[in-house]
Amino acid sequence: MIRYRRFLLMSLTALLSGMTSIAVAQSGNPVPVTVVMLKAEDVTLFSELPGRVAALGVAEVRPQVSGIVVERLFQEGGTVQQGDAMYRIDDAVYDAQVQQANANVAQAEARLTAAEKEEKRVAELLLRNVASQQAVDAAVAERDSAQAGLLVAKAQLQTAKIDLQHTVIRAPLSGRVGRALATQGALVTAQQAEPLAVIRQIDRVYVDVAVSTQDVLRFNRAIATQPAALQSLDPTVTVTLADGSTFGQTGTVLAAEPQVDPQTGVSVLRIEFPNPDQIVLPGMYVTAHLPFEVLQGAILAPQQGIARNRRGQPTAMIVDDNDTVAERILTVRGTEGDKWIVTGGLQAGDRIIVSGLQKIGVGATVAPTEEPDA
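For what it's worth, our numbering labels the leading residue of the sequence shown as 319, then goes sequentially.
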């Protein structure tokens, strides 16, 4: 019985309250509402595109000579500069090859000296009619052969010296090195498939984003129809990281693939970002925010003043010059912060109702209080 009385009392209170609100709205007394005066401004539209971070440069460190690794000379996960020594291979065999090549050069030089002397001697004998022309020709050929032999020996010496230098494996570029993939005592071979380490340049990085066919068409149309507006468009790109935070650096578009992949239906856009603190790493997933269009004279309407009718159309209640409520059906192009980007249905100077909507209807007379547009 007590519960029934409480329920009856609550229902009666709600009924009286509703009747009071209706009475106020219908009595002709203006209903207080809060409005925001709208203004037109140029709005930049952004496209959100998925992308992956890629290193600016990648080098797989491989040996150019075969042998046993005797020393690793870098810190795993550290930074190396181009030309820094990273591994040392046992150089005993290569040092011996250099010594042998030096001996071959000396031998070839001696042979050339002897051949030149013989050629000179035979030429003098020919002048005294003691030697034949055939003997002279043979001496000249022997001298030329000795000269060629010396060139071959010097080339072999140069090759041996290069092989000896390659026993110290150096960084081909500056960057950050990962884990060591070969240990001391490992047998490595020239040009092997497995790298000894991988160096990545990540002080600057690429972000490769996938652009759908629809976005490609939209970008191209914007370029064709708004060349003047796009010239003033800020070309910088921002990215959101996987944890929802915004990367503190801005990037610039480097290049776009001039085709759409027929298998995936996307084109690849490459953006370059500075990465001085090496916060982002190759392989990370990011979302790029790419400016692609400027809406001139668009309206930014507060979200609390926008609703949808039974057809799903966005609508807004505005107050006209007679303080009478009117409804507008809107055309929107997305959001910017906490506001809707409106391209149709509202214009600069309109007063949109943002508070008190539950007490009014179309044609009602209101007492508007203007709230500054934040």
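We put the CB at the ideal spot given by N, CA and C, even for glycine.
message = I want to know whether the stretch 623-635 touches the stretch 596-613 - three or more CB-CB distances under 8 Å.
response = no
task = With a floor of 3 residues, list each beta strand (DSSP E) that falls wholly inside the stretch 488-567, ordered by position along the chain.
result = 493-495, 515-530 and 556-558
task = Return helix, strand or coil for residue 582, following the three-state DSSP convention.
result = The answer is coil: DSSP assigns residue 582 none of H, G, I, E or B.
inquiry  = Give me, in chain order, the residues of the same chain whose beta-carbon lies closer than 6 Å to that of residue 656; leave out the 5 immediate sequence neighbours on both sides.
reply    = 621
query = Using 8 Å as the Cβ pair cut-off and three pairs as the minimum, do the stretch 407-417 and the stretch 380-399 touch?
reply = yes
ask   = From residue 678 to residue 609, what distance separates their C-alpha atoms?
value = 40 Å
message = Please classify residue 468 as buried or exposed, where buried requires at least 16 other C-beta atoms within 10 Å of its C-beta.
response = buried
query = In terms of residues, what are the limits of the beta strand (DSSP E) holding residue 357?
reply = Premise fails: residue 357 is in no beta strand (DSSP E) and is neither H nor E.
request  = Taking only runs that begin and end inside the stretch 577-635, name each unbroken beta strand (DSSP E) of 3 or more residues, in chain order.
outcome  = You should have 584-592, 603-620 and 624-626.
request  = Kindly indicate the opening and closing residues of the beta strand (DSSP E) around residue 463.
outcome  = Segment 451-483 is the alpha helix (DSSP H) holding residue 463; no beta strand (DSSP E) there.
task = Please state whether DSSP places residue 675 in a helix, a strand or coil.
result = helix
task = Spatial neighbours of residue 490 within its chain, please: CB distance less than 8 Å, with the 5 preceding and 5 following residues excluded, ordered by chain position.
result = 377, 379, 400 and 517
key: Whole-angstrom distance between residue 486 and residue 368, CA atom to CA atom   = 42 Å
inquiry  = Within 8 Å, do at least three Cβ pairs link the stretch 458-473 to the stretch 442-450?
reply    = no
query = So, is residue 569 buried or exposed, given that buried needs 16 or more other C-beta atoms within 10 angstroms?
reply = Buried, because 16 or more other Cβ atoms sit within 10 Å of the Cβ of residue 569.
ask   = Between residue 356 and residue 644, is the Cβ-Cβ spacing less than 8 Å?
value = For the pair residue 356 and residue 644, the CB atoms are not nearer than the 8 Å cut-off.
query = When you compare each of 636, 458 and 596 to residue 565 by their alpha carbons, which one comes out closest?
reply = 596
query = Quick check: the stretch 522-532 against the stretch 576-592, are there 3 or more CB pairs under 8 Å?
reply = By the criterion of at least three beta-carbon pairs nearer than 8 Å, the stretch 522-532 is in contact with the stretch 576-592.
Buried versus exposed call for residue 640 [16 or more other C-beta atoms within 10 Å across all chains shown] = exposed
query = If you count every other CB in all the chains shown that lies within 10 Å of the CB of residue 360, and 16 or more means buried, which is it?
reply = exposed
task = Tell me where the beta strand (DSSP E) around residue 643 begins and ends.
result = 643-647
key: Top-ranked residue by Cα proximity to residue 624, from 607, 649 and 421   = 649
request  = Just mark residue 553 as buried or exposed, buried being the case when its beta carbon has 16 or more other beta carbons within 10 Å.
outcome  = Classification of residue 553: exposed, given that the 10 Å Cβ count is below 16.
ask   = Looking at the unbroken alpha helix (DSSP H) that takes in residue 427, where does it start and where does it end?
value = 410-445 is the span of the alpha helix (DSSP H), which, as asked, contains residue 427.
ask   = Cα separation between residue 372 and residue 395?
value = Going by the C-alpha atoms only, they are around 17 Å apart.
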